[in-house]
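Heads up: the sequence shown runs through residues 1 to 181, numbered per the working numbering.
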Amino acid sequence: MARQTEQQRVTETLPEVDGISPEAIAKAKAMIGMRLRTENFTRDASVGALLNFVNGIGDANPIFRDQEYAAYSKYGSIIGHPCAPYMRHWSGRTRWGLPGVHGFFAGNDWEFFRHLRPGDAINCIERVLDVQEKQSQYSATLVIQFVETIYTNQRDELVARVVGWCTRHQRRASRERGKYA
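Written as structure tokens, this is what we have:
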């Protein structure tokens, strides 16, 4: 008997339920307007958290990292990078609806209203905006899920609004098509 490769064993243990059926799509669409539970990574925009974020993304702008430089700016201190709300929650992840269906983070559109400041609390709410079904060369049926995330500070001032989306693909169809194999 031939030995199975690790890939064959993993592939054979994948769930056979692809989950993209008219019923599953209807259930996902029924969630439009519903609020989702958000992640709770970093809630406090401390100086250390803000510096860690800009170090992580490699932004060398001194307004985000040099306290002496920033003290002489119009802000009077360092400010959070516009994308710093990512520290609290990542909008558009594949974590709701269509269980067993493979997902890919596909993007975000941001609107920025104010910078986070050292000492701010980062709050957010997220709700389902839309669910779209499309045809795909990669996986036959493709579902795109859209969410809106609103970030505020501890004074309920709007910091950013984000529309995030992910794509969901049928495992079996993508495996059978072998488009990117």
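The beta carbon of each residue, even a glycine, is placed where N, CA and C say it ideally should be. Quick caveat, the model's predicted, so the values are computed rather than measured.
Need the endpoints of the beta strand (DSSP E) that residue i sits in, please.
| i | result |
| --- | --- |
| K134 | 123-136 |
| V88 | The displayed chain sequence assigns Arg, not Val, to residue 88. Unbroken run through R88: none, as it is neither H nor E. |
| A106 | 102-112 |
Could you please give the first and the last residue of the uninterrupted alpha helix (DSSP H) stretch that includes residue i?
| i | result |
| --- | --- |
| Q182 | No statement about residue 182 is possible, as the shown extent of the chain runs from 1 to 181 and does not include it. |
| N55 | 47-57 |
| R23 | Per the sequence presented here, residue 23 reads as Glu, with Arg not at that position. E23 -> alpha helix (DSSP H) spans 22-29. |
Who are the near neighbours of residue i in its chain, counting only those whose CB is closer than 6 Å to its CB and skipping five residues on each side?
| i | result |
| --- | --- |
| G164 | S91, G92, N108, V147 |
| E133 | I25, V143 |
Is residue i close to chain C, meaning its C-beta is less than 7 Å from at least one C-beta of that chain?
| i | result |
| --- | --- |
| V128 | Absent from the structure is chain C; it holds one protein chain and no more. |
Using the Cα positions of residue i and residue j, report the straight-line distance between them to the nearest angstrom.
| i | j | result |
| --- | --- | --- |
| R88 | R65 | 19 Å |
| E157 | P82 | 15 Å |
| C166 | D120 | 29 Å |
| L14 | L129 | Since pLDDT at L14 reaches only 44, below the 50 mark, its modelled position is unreliable, and no value is offered. |
| F41 | V101 | 25 Å |
| G56 | I63 | 16 Å |
| T38 | A71 | 34 Å |
Beta-carbon within less than 8 Å of residue i's beta-carbon, same chain only, minus the 5 sequence neighbours each way: which residues are those?
| i | result |
| --- | --- |
| D29 | Going by the sequence as given, residue 29 is Lys instead of Asp. Excluding positions up to five away in sequence, the list reads V131. |
| R114 | N153, E157, L158, V159 |
So the candidates are the options; which of them puts its Cα closest to the Cα of residue i?
| i | options | result |
| --- | --- | --- |
| V47 | G76, K74, G80, F113 | G80 |
| A160 | T149, Q137, R37, E23 | T149 |
| E23 | F105, G97, P85, R127 | G97 |
| T152 | Y86, E68, C124 | C124 |
| S136 | E68, G76, R168, E111 | R168 |
For residue i, I'd like the list of residues in its chain whose CB is within less than 7 Å of its CB, leaving aside the five on either flank, ordered along the chain.
| i | result |
| --- | --- |
| A84 | A45, L50, F53, L116 |
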